[in-house]
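These protein sequence lines are chains C and V, in that order. The C-terminal position of the first sequence is numbered 482 in the numbering used here, with every residue numbered one higher than the one before it. The C-terminal position of the second sequence is numbered 567 in the numbering used here, with every residue numbered one higher than the one before it. One structure is given here, and the rest of the page talks about it.
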Amino acid sequence: MTELTYREAIRGAIRKAMLADHRVFLMGEDVGRYGGCYGVSKGLLDEFGPERIRDTPLSESAFTGAGIGAAMGGMRPIVEIMTCNFSLLSLDQVMNNAATIRHMSGGQFHVPVVIRMATGGGRQLAAQHSHSLEGWYAHIPGIRVLAPATVEDAAGMLGPALDDPDPVLIFENALLYNHSEDVNEPVEVDIDHAVVRRAGKDLTLVTYGGSLGKTLAAADELGTDGISTEVIDLRVLRPLDDVTILTSLAKTRRCVIVDEGWRSGSLAAEIMARIVEQSFWNLDAPLARVCSEEVPVPYAAHLEQAALPSVAKIVAAGRAVMGR
Amino acid sequence: MSAALPKVRLNREHCRTLLHQMVRIRRFEEKCAELYTLEKIRGFLHLYIGEEAVATGVMQALEPNDAVVATYREHGHALLKGVPAGAIMAEMYGKQEGCSRGRGGSMHLFDAETRFYGGNAIVAGGIPIAVGLALADKMANKKRITACFFGEGAVAEGEFHESLNLAALWRLPVLFVCENNRYAMGTALDLSESETDISAKAASYNLASEGVDGMDVVAVEVATRRAVHAIRETGEPHFLECRTYRFRAHSMYDPQFYRAKDEVEEWKDKGPIKRFTEWALDVGELRPEDIEEIEQDVAREISEAVAFAESGTWEPVEDLLRDVGAEKRI
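Listed below in structure tokens is the structure:
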């Protein structure tokens with residue numbers, strides 16, 4: 159067992175991949191000399207040099223597209239985008255090229271690129287650095303979307319993501335970078351399935367990424383009310399693992415979804431729709447969800463906290479679904 | 238050690254090659270327009286007619302192993318890169334024998350074997366990909382280049398500027414070819430650019446840049462050979478602005494309110510095929526029978542392509558979801 163931070167786990171995973179495969183390289187804004195805006199790539203420039211740890215200009219579209227082109231040309235690029243708000247500048251490349259080229263070319267070309275970015279609020283960074291846009295990306299066929307919520311997943315998702323012949327986007331909740339856990343290495347992480355983080359029989363809470371900690375805390379609190387709560391960490395936002403969710407619901411018959419994205423058109427909405435389509439007659443109560451409030455994330459701490467999912471909101475939703 | 242720049246020898250054989258390739262594009266696309274009116278080809282169809290000297294001149298300098306990234310007006314580039322005419326035509330029919338299995342259509346021709354990386358229908362969207370292909374080659378120490386075609390409309394897009402900067406900064410072996418046909422769909426160059434000298438604009442990114450008469454196939458070939466030679470020697474990017482003109486509408490839906498008929502006629506008068514043929518006949522490099530043979534050869538190729546497309550098959554609807562992602566991870 160080694161105690162690692164989420165940041166160190168990702169750095170270790172990048173390092174391991176680069177040592178194992180000469181085709182792997184990292185590029186993005188400030189990944190080299192600065193060490194990464196969240197310190198993820200600190201020290202890697204010294205070890206691997208500027209050819210493989212590439213500082214880029216502030217050109218999200220061009221360097222993401224160059225990652226796509228390099229992947230088509232035989233490399234295994236890891237593209238780092240500072241935050242998911244900035245990723246909108248490269249959305250054209252992700253949506254119109256990375257996600258479509260296999261299909262548009264009739265299967266002749268594929269794009270084995272990994273694109274990592276920070277997501278989520280809670281740091282008083284206001285409305286251009288705090289959003290959770292992974293649900294948008296999860297709308298797109300042709301890409302895989304991952305959200306490591308634990309240090310173990312942070313350590314173990316990059317390897318299989320690089321082995322994926324198609325584009326993989328990894329959303330790292332920025333509040334998690336300093337979080338540390340004991341990890342058994344080497345880590346093997348399944349990037350096809352959700353995982354049950356806490357077993358229970360009365361209520362299912364479905365979440366992912368930065369909301370996992372809040373959801374587990376809420377499950378503990380609900381436990382003190384005598385509500386046995388199961389917590390599912392989606393881990394993979396696309397393709398969604400319906401089976402794990404439906405299996406849990408067949409047991410608990412009640413469900414709350416916790417998603418830091420905005421409510422309208424959210425990933426939470428998609429999960430609710432799938433449950434209703436496939437498991438309506440198993441339900442003992444209406445589904446509920448806890449999402450971010452429909453407001454650009456504000457700066458002031460009390461307002462920001464009010465806008466994001468919280469333990470209290472999850473507990474309240476859980477109790478309501480249980481009729482308490 | 239520096240290799241000598243290969244000279245362009247305009248002997249009869251080479252003149253035949255240049256004319257043959259331009260006529261192939263012209264007749265192929267005339268057939269496409271006809272098939273469009275017959276509703277054999279649907280969707281958008283963007284014809285390159287009038288601009289043939291650009292792709293033809295540039296392709297003379299490329300090796301089979303070089304990559305090409307093109308736009309939605311790319312039938313000619315695909316043909317000259319070596320994608321079989323039948324596979325292109327079948328693609329436009331939407332048949333599974335098409336070069337993209339019928340998933341792409343006219344705007345998305347792809348061919349792995351000839352390193353033809355599409356058919357990109359987002360203006361400037363292919364330019365970062367070309368930069369990435371060149372980056373991969375550089376990092377893997379492969380001595381080949383990537384030629385990237387785009388129109389002057391792309392020059393107004395951020396991806397154009399970001400990509401030129403990146404290619405120059407990282408010294409990547411990209412040949413940027415701007416096909417300046419003066420209209421971004423219906424918007425004239427001087428209505429969209431503060432600086433209409435595009436090669437000057439490109440030069441500000443600290444890369445070698447040159448403007449050339451894109452209606453003159455020989456001028457394009459000479460300029461491209463010079464640029465490609467330099468890229469192979471130095472590994473650094475070059476920019477070529479080819480000033481040309483589109484004779485036909487932007488796509489088949491365009492009533493062309495934005496330009497005068499006289500202007501189109503003036504440009505047709507200096508059309509690349511007309512001009513080159515007149516010159517080659519005049520200096521005696523080509524004879525009337527050469528032209529006759531070229532036309533016959535092209536007509537045969539096109540009729541075979543159409544027959545191939547006609548006899549192609551529709552992919553079963555059960556296969557709809559294939560090629561969205563890999564069947565399994567490696």
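Note that CB positions come from ideal geometry on N, CA and C, so glycine has one too. If you're wondering where the values come from, they're calculated on a predicted model, not measured in any experiment.
Contact with chain C by Glu399 (chain V), beta-carbon distance below 8 Å | yes
Tell me where the alpha helix (DSSP H) around Val354 (chain C) begins and ends.
-> Per DSSP, Val354 (chain C) belongs to no alpha helix (DSSP H); it is in the beta strand (DSSP E), Val353 to Arg356.
Which of the three DSSP states, helix, strand or coil, is assigned to Ile382 (chain V)?
-> coil
Could you name each continuous alpha helix (DSSP H) segment of 4 residues or more that falls completely within the stretch 445-510 of chain V, going from the start of the chain to the end?
-> 454-471 and 498-506
Distance between Ala486 (chain V) and Pro492 (chain V) (C-alpha atoms, nearest Å) = 7 Å
Could you tell me whether any Cβ in chain C is nearer than 8 Å to the Cβ of Asp348 (chain V)?
-> yes
Between V:Gln258, V:Lys244 and V:Lys380, which lies nearest to Thr293 (chain V) when the distance is taken from Cα to Cα?
-> V:Gln258
State the beta-bridge partners of Cys336 (chain V) as determined by DSSP.
-> In the DSSP output, where bridge partners are listed per residue, Cys336 (chain V) has none listed.
With a CB to CB cut of under 6 Å and the five nearest residues on each side skipped, what residues in its chain are close to Leu202 (chain C)?
-> Ile211
If we ignore side chains and look at the alpha-carbon of each, how far apart do Met238 (chain V) and Val368 (chain V) end up?
-> Note that Met238 (chain V) scores 42 on pLDDT, short of 50, meaning its location in the model is unreliable; the coordinates nonetheless yield the value given after this. About 26 Å.
Can you list, in chain order, the residues of the stretch 217-233 of chain C whose Cβ is nearer than 9 Å to any Cβ on chain V?
-> Ser217, Glu218, Ser219, Ala220, Phe221, Thr222, Gly223, Ala224, Gly225, Ile226, Gly227, Ala228, Ala229, Met230, Gly231, Gly232 and Met233
DSSP state of Val189 (chain C) mapped onto helix, strand, coil | coil
Terminal residues of the beta strand (DSSP E) in which Leu363 (chain C) lies | Leu361 to Thr365
Taking Cβ positions, are Met253 (chain C) and Phe329 (chain C) nearer each other than 8 Å?
-> no
The alpha helix (DSSP H) enclosing Ala408 (chain C), as first and last residue numbers | Asp400 to Thr410
Distance between beta carbons of Arg480 (chain V) and Gly609 (chain V), contact taken as under 8 Å = With chain V represented from 238 up to 567, any question about residue 609 (chain V) goes unanswered, as that position is not in the structure.
Exposure of Glu470 (chain V), with buried meaning 16 or more beta-carbon neighbours within 10 Å = exposed
At a CB-CB cut-off below 8 Å, which residues of chain V make contact with Glu379 (chain C)?
-> In chain order: nothing, as chain V lies at least about 39 Å away.
What residues are listed by DSSP as bridge partners for Met275 (chain C)?
-> C:Ile239 and C:Phe329
Shorter than 8 Å from the beta carbon of Gly367 (chain C) to some beta carbon of chain V?
-> no
Starting from the Cα of Ala358 (chain V), find the closest Cα among V:Glu289, V:Glu458, V:Glu250 and V:Gly280 and give me that residue.
-> V:Gly280
Could you name the residues of chain C that Leu403 (chain V) contacts, counting a contact when the two beta carbons are closer than 8 Å?
-> Thr214, Pro215, Ser217, Ala220, Phe221 and Ala224
Mind the definition here: the stretch 529-543 of chain V touches the stretch 317-328 of chain V only if three or more C-beta pairs lie below 8 Å; say whether that holds.
-> yes
Are the stretch 242-256 of chain C and the stretch 313-331 of chain C touching, with three or more C-beta to C-beta distances below 8 Å?
-> yes
Leaving out the 5 sequence neighbours to the left and right, which residues in its chain are closer than 7 Å to Met315 (chain C) when beta-carbon positions are compared?
-> Leu304, Pro306, Ile328, Val347 and Ile349
Examine the ligand GTP and report whether any of its heavy atoms sits within less than 7 Å of the Cβ of Val189 (chain C).
-> As presented, the structure is devoid of all ligands, the ligand GTP included, so that no description of it is given.
Please name the residue, chosen from V:Glu334, V:Trp407, V:Arg246 and V:Phe265, that lies closest to Pro553 (chain V) on a Cα-to-Cα basis.
-> V:Glu334
Other residues of its chain near Arg381 (chain V): CB distance less than 8 Å, five sequence neighbours each side excluded | Glu300, Asn302, Asp303, Ala304, Asp374 and Pro410
Would Gly358 (chain C) be called buried (16 or more neighbouring beta carbons within 10 Å of its own) or exposed?
-> buried
Interface residues of chain C around Ser337 (chain V) at Cβ under 7 Å?
-> Met262, Ser263 and Gly264
Please say whether Ala446 (chain C) and Val414 (chain C) have beta carbons closer to each other than 8 Å?
-> yes
Test item: CB-CB of Arg432 (chain C) and Val479 (chain C) under 8 Å = no
How many angstroms separate the CA atom of Pro318 (chain C) from the CA atom of Gly170 (chain C)?
-> 14 Å
Report yes or no: is there a C-beta of chain C within less than 8 Å of the C-beta of Val455 (chain V)?
-> no
Alpha carbon to alpha carbon, how far is Glu187 (chain C) from Gly194 (chain C)? Give it in angstroms, no decimals.
-> 7 Å
Consult DSSP for Met238 (chain V) and reduce its assignment to one of helix, strand or coil.
-> The predicted model places Met238 (chain V) with a pLDDT of 42, which falls under 50 and marks its position as unreliable, so this point remains unresolved.
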